[in-house]
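Residue numbers (my numbering): 367 to 529.
Think of the CB as a built atom: it goes at the ideal place given N, C-alpha and C, for glycine as much as any other residue.
Data first, discussion second: the structure below is written as structure tokens.
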Amino acid sequence: MDTDKDDEKPSGGGKVMKSDPELSWNAKANELIEKALQYSADIAVILLLSAAEIAASAIIVCSKERKLRTNLCRLSTKKRLNRALSILRREGYVSHQEYLLIRRVLRDLRCIRNSMLHPICVERCSETDLSSAIGVVKRFIALADRYVVEKCRPSAAADSAIR
């Protein structure tokens, strides 16, 4: 018999604590970007798109769109990214030119990822420079961070404005 059953019990009386998504999403997204810099281009595309999805999810969670928040886990990558971008554009966090640039780069990354994961697809993807894509995804994460700070945690935005 195994006597080390106590080691398997979760702490806190059996309750599993969920991390606060508002506090940890940015760190997760930036960690994925750092990993993307270390791996091959194929893996980097997947990691960059994952980082963008994390930021898009944070935007949707902080938005006023209840229907999107309740269906967040069911949204496709395309819909999640496009809805988050449209929220940023509607709220005035991104200019029209920047919106088009971010949308194009994210669309290209999604196309490249899909062509790797589904080799039977014959969709033609436009050439995308990985270093510029990293910069665009970092910009998207920064915009998402600003949106989350100002919309979800207004006291934190006031504190940063005072400094």
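I need the boundaries of the alpha helix (DSSP H) containing residue i, first residue and last residue.
| i | result |
| --- | --- |
| VAL488 | First-last for VAL488: undefined, no H or E at that position. |
| GLU464 | 462-483 |
| ASN448 | 443-456 |
| ARG435 | 432-436 |
What number of angstroms, rounded off, separates the C-alpha of residue i from the C-alpha of residue j?
| i | j | result |
| --- | --- | --- |
| ASP511 | LEU454 | 11 Å |
| SER497 | SER406 | 12 Å |
| ILE426 | CYS518 | 11 Å |
| LYS504 | ILE486 | 31 Å |
| ASN448 | ALA393 | 22 Å |
Using alpha carbons as the reference points, say which of the options lies closest to residue i.
| i | options | result |
| --- | --- | --- |
| GLU516 | ALA418, SER416, SER429 and GLN404 | SER429 |
| CYS491 | ALA424, VAL502, SER481 and ILE425 | SER481 |
Under 8 Å by Cβ, that's how I've got residue i and residue j pegged, so tell me the actual separation to the nearest angstrom.
| i | j | result |
| --- | --- | --- |
| LEU403 | SER423 | Rounded, the Cβ-Cβ distance is 22 Å, inconsistent with contact. |
| ILE468 | VAL514 | With 8 Å as the limit, ILE468 and VAL514 do not qualify as a contact, their Cβ atoms being about 17 Å apart. |
| ILE420 | TRP391 | 5 Å |
| THR494 | VAL471 | 7 Å |
Consider the Cβ of residue i: report whether some Cβ of chain D lies at a distance smaller than 9 Å.
| i | result |
| --- | --- |
| LEU447 | Absence of chain D from the displayed structure is noted, only one protein chain being present. |
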